[in-house]
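The sequence shown begins at 1 in UniProt numbering and counts up one residue at a time. C-beta: ideal position from N, C-alpha, C; glycine also. Predicted, not measured: the structure shown is a model, and the values here were computed from it. Contents: one structure, followed by commentary.
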Amino acid sequence: MIPIKAVSRHRVYRTFASVGSLEADVASHGNDASPGVSTPNNSRRSRMSFDQTNYPLDDMTNFEKQLQELFDEVKRMIMMGNRNDAMDLLKANYEAVIERMNKGIKGIEEAALLDIITLGYMAVGDLKFVASLLAMLAEVVDSLKDNEPLLDVVLMHMGSLFSALGKFDKSLLVYRRSIDILENRYGKNSIFLVTPLLGMAKALGSIGRSTKAVEIYHHAITILELSKGAESEDLVVALFGLGNLLLKEGRSTDAEPHFIRILTLYKKLYGENDGRVGMAMCSLAHVKCAKGNADEAIGLYKNALQVIKDSNYMALDDSIMEKMRIDLAELLHVVGRGKEGREMLEESLLITEKYKGKEHPSLVTHLVNLATSYSRSKNFVEAERLLRTSLEIMGKTVGPDDQSLTYPMLHLAVTLYNLKRNEEAEQLALDVLRIREKAFGKDSLPVGEALDCLASIQTRLGRDDGELLELLKRLLSIQEREFGHESEEVMETLKKTLYYLDKLGRKNEKFPLQKRLSTLRMKYKERIQY
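What follows is the structure, encoded as C-alpha cells:
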C-alpha cells in the first residue's frame, strides 16, 4: 500500500503508522499494571518475522515506520489537546483504507492500517467506533494466512482492544491465534510469547477462569526466567498480574510471595530508596491488608510514601500518590487511629490546595473525606463547615440540580441530623431525593440511599406513619433488586417496615414479612457461628 498524505486542520501529515511497538499504548486502556511496573521489551521484534513474506524486507520495514509515525502523531495531537486534529487525521486514513477495501484489496497492509486507526480511536475515547472497526478488522484478519508479517502483532493489539471493551471471548480467540503463530515460528518457550500470554491470562481472569489464568501466568514467568534470568525486571509485570489475580480470588497468602519478589527485585536493581521500591511496598501493603495484618500494612504504606516523596519519583499531587494517602488514612481509621488518619487527609487537602488552588473542584473529595473523619470523632460542627465549603466550591462549576452535588448534600443532611437540626436535614434529604430521581430514575440505587437517609430523619421528626411506611416499602424494593432478597440491607429495612406495620395495625401484611425476617436472622446467626 503506497503511503499517501492527508491534510488535517493545520498542516500536512504522513498517513501511516507502525504496529510494532504499541503494546504499552493499548495496555493503558483497561490495564491494571502498577505504576513503576514496566512491560517486557519484546514488542519491537515484528521485523524478525519477515522471512516468510512476499514483500521485500526493506519495504515492509519502511511501512512499519510510517505506521509508527501516524500513531505517534495522533498521540502527540491528543496530548497537546488537539483532539479534533487527531480525529481528522484518523478519518482521512480510515477513508483511504476503506476505499481500497471496497475495491477488494484486503491484505496485511490494510489490516495493519486498520489496526493503527482502531488504536487511535481508542486513544481519543470513541469506544463505539472502536467496536465497529474491530469487527471490520476481524473480517480482514480472518482471511489472512498465519505467515503474513505483522499479523501476530495486529492480533495482539486486537486482543488488548477486545479486552478493553469487555469482549473477553473474542479477546481470547485472537490471543490464541497470535500464540499459535509465534509458537510455530519460534517454539513454545520463546520470549515473544510473553505479551500475548499475559494478555490471555488477564482476559481469563476477567471471566472467572482463574485456574487457567494462573497456569498461563506461571508459563509466562517460566519463559522469562529461562530467557532473562530469575532476577530480571521483565518478570515484574507477570508477577504483578499473577499476584493481583490471586488477591482478587481471596488467596492473599498465595499472592504475597509474588509481591515480595517484586519488592526484592526492585531493591536489588535500584537500591532501597528508589521510587519503584516505594510502589512495590504499596502493592505489598495491599496484600498485608487482605491478610488482616493492619500494622504491617500501615508501616509499608508510610515507608512507601516517604520513599516516593524523597526520590521525587512522582509529583506529590499525582493521583496515584493521592490514592495511597487516602488508602492509608482509611486503614488508620479502621484500626482506631483516627487522629493519624485525619492528619493524612489534611495533608492531601493541603497538597491539592497548593498545586491546584483553594477553589479547585478536586478539593471536594478531600473536604468530604475530612468531614467523614470528623463525623467519626463526633466533631459534627467541623464536619458541617467542611461540607458547606465543598458545596460552595461545587456551586461555582455546576448547576443547582447537578447530581454530583448530592453526595456532599447527603453527607451534610446526616451531619445536621446528628446536630439535632432535623428540619434542615430533612429539606436537604428531600432535595437530594428530587435531584437523584431525575438524574438516575425513581428505582435507582442512589435514590434508595437518599430514601434511607430521609426515612431516619422523618422518623425522628414524627412524620406521618403511613407515608413513612410507603417510603420504606419503596426502599425495600430497591434494595432487594440491587443487593438481593437475603442481604443485610434488606434485613435492616424489613425491621423498620415491620415496626410501622405493627404501629398501623396492618397484621395481614406484617406476618409474611415477620416470617421472612426470622428466616434471615437464623441464616445470619448460622454464618456468624460458622
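Whole-angstrom distance between residue j and residue i, CA atom to CA atom
| i | j | result |
| --- | --- | --- |
| Lys202 | Ser362 | 32 Å |
| Leu239 | Gln458 | 53 Å |
| Leu475 | Lys420 | 24 Å |
| Arg83 | Met77 | 6 Å |
| Leu316 | Val154 | 38 Å |
| Asn42 | Val74 | With a pLDDT of 38 at Asn42, under the threshold of 50, the predicted position of this residue should be treated as unreliable, and no value is reported. |
| Val381 | Ser404 | 23 Å |
| Asp274 | Tyr186 | 36 Å |
| Leu235 | Leu224 | 6 Å |
| Ser18 | Asn62 | With a pLDDT of 27 at Ser18, under the threshold of 50, the modelled position of this residue cannot be trusted, and the question is left open. |
| Ser206 | Ala164 | 11 Å |
| Leu265 | Met321 | 22 Å |
| residue 532 | Ala213 | Examination of residue 532 is not possible in this model, given that the chain is present from 1 through 530 alone. |
| Tyr313 | Glu296 | 23 Å |
| Gly241 | Asn418 | 45 Å |
| Ala230 | Arg261 | 10 Å |
| Ile216 | Pro196 | 10 Å |
| Ala135 | Glu69 | 25 Å |
| Lys268 | Val307 | 15 Å |
| Ala131 | Ile191 | 30 Å |
| Leu520 | Asp464 | 28 Å |
| Asp402 | Glu64 | 48 Å |
| Gly299 | Glu424 | 42 Å |
| Arg100 | Glu110 | 8 Å |
| Met281 | Asn422 | 46 Å |
| Pro40 | Ile221 | Confidence is the limiting factor: at Pro40 the pLDDT is only 36, short of 50, which leaves the residue's position unreliable and the question unanswerable from this model. |
| Asp25 | Asp126 | For Asp25, the predicted structure reports a pLDDT of 40, less than 50, and the residue's modelled location is therefore unreliable. The matter cannot be settled from this model. |
| residue 610 | Met200 | Past the edges of the chain, shown from 1 to 530, lies residue 610, and the structure says nothing about it. |
| Leu263 | Tyr301 | 13 Å |
| Asp254 | Leu204 | 19 Å |
| residue 541 | Lys515 | Here the chain covers residues 1 to 530 and nothing more, so residue 541 does not appear. |
| Ser21 | Met156 | At Ser21 the pLDDT is 32, less than 50, meaning the model places this residue with poor confidence; the figure from the coordinates comes in the next sentence. Computed Cα separation, rounded: 11 Å. |
| Met491 | Met409 | 26 Å |
| Met522 | Thr406 | 37 Å |
| Asp431 | Ala439 | 12 Å |
| Ala112 | Asn93 | 12 Å |
| Leu468 | Asp85 | 56 Å |
Residue of the options minimising C-alpha distance to residue i
| i | options | result |
| --- | --- | --- |
| Arg176 | Asp146, Phe71 and Lys268 | Asp146 |
| Val287 | Gly271, Arg325 and Gly243 | Gly243 |
| Val174 | Lys188, Ser190 and Asp152 | Asp152 |
| Leu461 | Ala111, Ile179, Glu426 and Asp180 | Glu426 |
| Val140 | Leu127, Val335 and Met158 | Met158 |
| Lys128 | Gly166, Met156, Val335 and Asn102 | Gly166 |
| Leu245 | Arg276, Glu272 and Ser283 | Ser283 |
| Glu482 | Asp502, Tyr500, Ser160 and Pro446 | Pro446 |
Whether residue i touches residue j by CB criterion (8 Å)
| i | j | result |
| --- | --- | --- |
| Leu137 | Leu114 | yes |
| Leu119 | Phe71 | yes |
| Ala455 | Leu472 | yes |
| Gly338 | Ser377 | yes |
| Lys396 | Glu353 | no |
| Leu416 | Glu384 | yes |
| Ser210 | Glu256 | no |
| Leu433 | Ala413 | no |
| Met394 | Val364 | yes |
| Lys331 | Cys289 | Correcting the residue type first, residue 331 is Leu in the shown sequence and not Lys. In this structure, Cys289 lies closer than 8 Å to Leu331 by Cβ. |
| Gly441 | Ile478 | no |
| Gly466 | Leu513 | no |
| Leu226 | Asn184 | no |
| Ile108 | Pro149 | yes |
| Lys495 | Leu517 | yes |
| Leu182 | Leu198 | no |
| Met87 | Val124 | yes |
| Leu305 | Arg325 | yes |
| residue 579 | Leu89 | Not covered by the structure: residue 579. The range shown for the chain is 1 to 530. |
| Leu387 | His411 | yes |
| residue 535 | Ala294 | Absent from the structure is residue 535, since the part of the chain shown begins at 1 and ends at 530. |
| Ser311 | Gly357 | no |
| Lys507 | Leu498 | no |
| Ser319 | Lys291 | no |
For residue j and residue i, believed in contact at Cβ under 8 Å, the rounded distance
| i | j | result |
| --- | --- | --- |
| Lys106 | Ser143 | 6 Å |
| Leu370 | Glu340 | Actually they are not in contact, since the Cβ atoms of Leu370 and Glu340 sit about 14 Å apart, beyond 8 Å. |
Distance cut-off 7 Å: residue i Cβ against heavy atoms of the ligand ADP
| i | result |
| --- | --- |
| Leu263 | Among the ligands in the structure shown, none appear at all, so the ligand ADP cannot be discussed. |
Check your understanding: Which ranges would you report for the alpha helix (DSSP H) in the segment 103 to 158 if only whole runs of at least 4 residues count?
Key -> 108 to 124 and 127 to 142
Exercise for review: Any chance you could list the beta strand (DSSP E) runs of at least 3 consecutive residues sitting entirely within the segment 423 to 455, in chain order?
Suggested key: none
Point to revise | Whole runs of the beta strand (DSSP E) within the segment 208 to 242, excluding any shorter than 3 residues | key: none
**Study point:** Continuous alpha helix (DSSP H) assignments of at least 4 residues falling wholly in the segment 245 to 276
**Key:** 252 to 270
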